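Input: a single structure, listed below in structure tokens.
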Amino acid sequence: MSIQRTVTGMARSLVIKVTAGADAPERCNQAFTVAATALASGVPVSLWLTGESSWFALPGRAKEFALPQAAPLTDLLEAVLAGGRVTLCTQCAARRNITMDDVIDGVRIAGAPAFVEEILGEGVQALVY
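Each residue of the sequence shown is one higher than the one before, counting from 163 in our numbering.
Written out as structure tokens, the structure is:
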């Protein structure tokens, strides 16, 4: 049985909400690592950037992040952008004066209604870091 299948055979997907950034580097890196690993395993992934992780929606910000013994955040983010979906929280973006013109190509800005719709889908597992 592949990792993205349940006992009933229904396809599974993963929604990961990361609230931490440079303020909690281990928690932040864990979220990105799980997202990239799930994608590499064939699991559909949606990564939500909220709180302090919102800054990683901006060009160059992931490159500034460093955590010893961890995969570079920029590589993990690129992997998720290439194979999954990355969303920046609407309110988090507004509080930081981030607009669609500012974000990395492939990042969308959406709010709580879109998040709730994603996490309530059939076969969805939601994780919050």
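Glycine is no exception: its CB is placed at the ideal position from the N, C-alpha and C atoms.
These numbers come from a predicted model, not from an experiment.
Exercise. Use the C-beta contact count for Leu282: other C-beta atoms within 10 angstroms, 16 or more gives buried, fewer gives exposed.
Key: Mapped onto the sequence shown, residue 282 falls at position 120. Result: exposed.
Quiz prompt | Exposed unless 16 or more other CB atoms sit within 10 angstroms - verdict on Ser208 | solution = Taking the sequence shown and counting its residues from 1, the one referred to as residue 208 is at position 46. Flag for Ser208 reads buried.
Quiz item: Between Ile260 and Ala224, what straight-line distance do the alpha-carbon atoms span, to the nearest angstrom?
Solution: Position 98 of the sequence shown, counting from 1, holds the residue named residue 260. Position 62 of the sequence shown, counting from 1, holds the residue named residue 224. Roughly 15 Å between the two C-alpha positions.
Self-check item: Pair within 9 Å by beta-carbon distance, Val242 and Ser215
Solution: Indexing the sequence shown from 1 puts residue 242 at position 80. Indexing the sequence shown from 1 puts residue 215 at position 53. In this structure, Ser215 does not lie closer than 9 Å to Val242 by Cβ.
Practice problem: Go ahead and label Val265 buried or exposed: buried means 16 or more other beta carbons lie within 10 angstroms of its beta carbon, across all protein chains shown. | Solution: Indexing the sequence shown from 1 puts residue 265 at position 103. By the 10 Å Cβ count, Val265 comes out buried.
Quiz item: Got a sec? Which residues, its chain only, sit under 6 Å from Arg189 by beta carbon, not counting five neighbours each side?
Solution: The residue given as residue 189 occupies position 27 in the sequence shown. Excluding sequence neighbours, Arg189 sits near Ala182, Tyr291.
Quiz item: By how many angstroms is the C-alpha of Gly285 removed from the C-alpha of Arg257?
Solution: One-based indexing of the sequence shown puts residue 257 at position 95. One-based indexing of the sequence shown puts residue 285 at position 123. For Arg257 and Gly285, the distance between alpha carbons rounds to 32 Å.
Quiz item: Going along the chain, which residues of its own chain have a beta-carbon closer than 6 Å to the beta-carbon of Ala232, five neighbours each way excluded?
Solution: Reading the sequence shown from its first residue, position 70 is the one you call residue 232. So the list reads Asn191, once near-sequence residues are dropped.
Practice problem: With a threshold of 16 other CB atoms inside 10 Å of the CB of Ala219, please say whether the residue is buried or exposed. | Solution: In the sequence shown, the residue the question calls residue 219 occupies position 57. By the neighbour-count rule (16 or more Cβ atoms within 10 Å), Ala219 is buried.
Exercise. For Arg189, name the three-state secondary structure that DSSP assigns.
Key: Counting from 1 along the sequence shown, the entry for residue 189 is found at position 27. Helix, per DSSP.
Exercise. Along the alpha helix (DSSP H) that carries Val242, what are the first and last residues, could you check?
Key: The count along the sequence shown starts at 1 and reaches residue 242 at position 80. Element bounds for Val242: 235-245.
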